[in-house]
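What follows is a short report on a single structure.
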Amino acid sequence: MKREPDIVVISDVHLGTYGCHAKELLTYLKSIRPKTLVINGDFIDIWQFRKRYFPKEHMQVIQRILKMAAKGTKVYYITGNHDDTLRRYSDFSTGNIHLRDKLVLQLKDKRAWVFHGDIFDLSVRYSPFIAKLGGKSYDYLIVFNRFVNKIRKVFGLQPMSLAKEAKQRVKKAVSFISDFEETAIDLAGQQKYDYVICGHIHQPQMRTTNAHGHPITYLNAGDWVENLTALEYQWGQWSIYQYDPADYQIVSNRLIVKESAIPSTDEEDLELKKNSSPEALLQNIMGLVS
């Protein structure tokens, strides 16, 4: 039985990089049927995109989202800094898929302001070369981190995040995250929004404060590189979802029915499969990058 939240927000998936947990994200997406899915930036990492590395799990995430849109989910793709090439096509819509730089959601009597947040990052705005170099180094750190955690598992130790440790130990990183959040809250307060939803800093967060005499709830969807988190809105409340493989364990393997064993009779599904083949999708991505 799929869960049906009203809104799901994911951010910083970084498809096309070694650090992306596409398999886990695919499992999560298959377990939900939201009315609205917001992809809040850095979905496809165009900065580091290379045709020789785009595993099938990464492609299947794109195909799953296309299928969700075909089945009625409204999908908003908010551009980020790692997929800023898409900003030349902002305000483009096709069917249930909408490309935007920012978004305002009306939630009954409250308003949510959604944007990626790279506008607050001076390294991205004024030194893109350094920012891209840092992104590549971060990707290599994540790969090394996985190797370290495999060794720790052998010795019965809990996994650790080297990137998180680095952020916590470097005062400038801690200060940047704090300043980022406060700036987002201040701007949202000026415009009397009730929620401000960001990504970019890979730091899942939900807290309520006051700015300019107005209560503001700051939310950050985190990422699918380190934290494997998403934001979910249901019954008028926001919550942070944390991926846990135990949630998807089943009692018996005999209960698994492979999708390939089920013939599709839905013409819409057949057409979607044809138009979202790996070759067609890679060709479209390469067209955007060039």
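Numbering-wise, the sequence shown is residues 4 to 293 according to our numbering. Each residue gets a CB set at the ideal place from its N, CA and C atoms; glycine is no exception. Since this is a predicted model, take the numbers as computed values, not measurements.
Cβ shell of residue i (< 6 Å), same chain only, five flanking positions each side left out
i	result
Y80	I42, L102
R36	K5, E7
L40	V11, T76, V78
R25	It is worth fixing the name first, because residue 25 is Ala in this sequence and not Arg. So the qualifying residues of the chain are E60, H61, V64.
F183	F123, I204
Q237	P8, D9
A191	W116, V199, I219
K105	F118
L32	R67
Helix, strand or coil at residue i [DSSP, three-state]
i	result
L110	strand
L160	coil
Y246	coil
L231	coil
Q194	coil
I180	helix
I253	coil
A115	strand
I10	strand
I122	helix
I200	strand
A214	strand
Own chain, CB closer than 8 Å to residue i, minus 5 neighbours either side, in chain order
i	result
P162	N152, R155, K156
Q193	A214, H215
N99	A72, A73, G75, T76, K77, V78
T232	P207, A224, G225, D226, I243, Y244, Q245, Y246
S181	none
P218	D197, T211, T212
K111	G239
Integer-rounded CB distance, given that residue j should sit under 8 Å from residue i
i	j	result
G202	D45	7 Å
Y251	S34	7 Å
E235	H205	About 18 Å; that fails the 8 Å criterion.
T88	H119	In fact, because the Cβ distance is near 14 Å, the residues do not count as touching under 8 Å.
Cut-off 7 Å between Cβ atoms - residues of its own chain near residue i, not counting five sequence neighbours on either side
i	result
T30	Y251
D189	A214
L28	V16, V64, W227
Of all the alpha helix (DSSP H) runs that stay within the bounds of the region 18-106, which reach a length of 4 or more residues?
25-33, 59-73
Counting pairs of Cβ atoms below 8 Å between the region 182-197 and the region 108-120, do you hit three or more?
yes
Sufficient close CB pairs (3 or more, under 8 Å) joining the region 91-109 to the region 50-58:
no
Would you call the region 239-251 and the region 216-231 touching, i.e. three or more CB-CB distances under 8 Å?
yes
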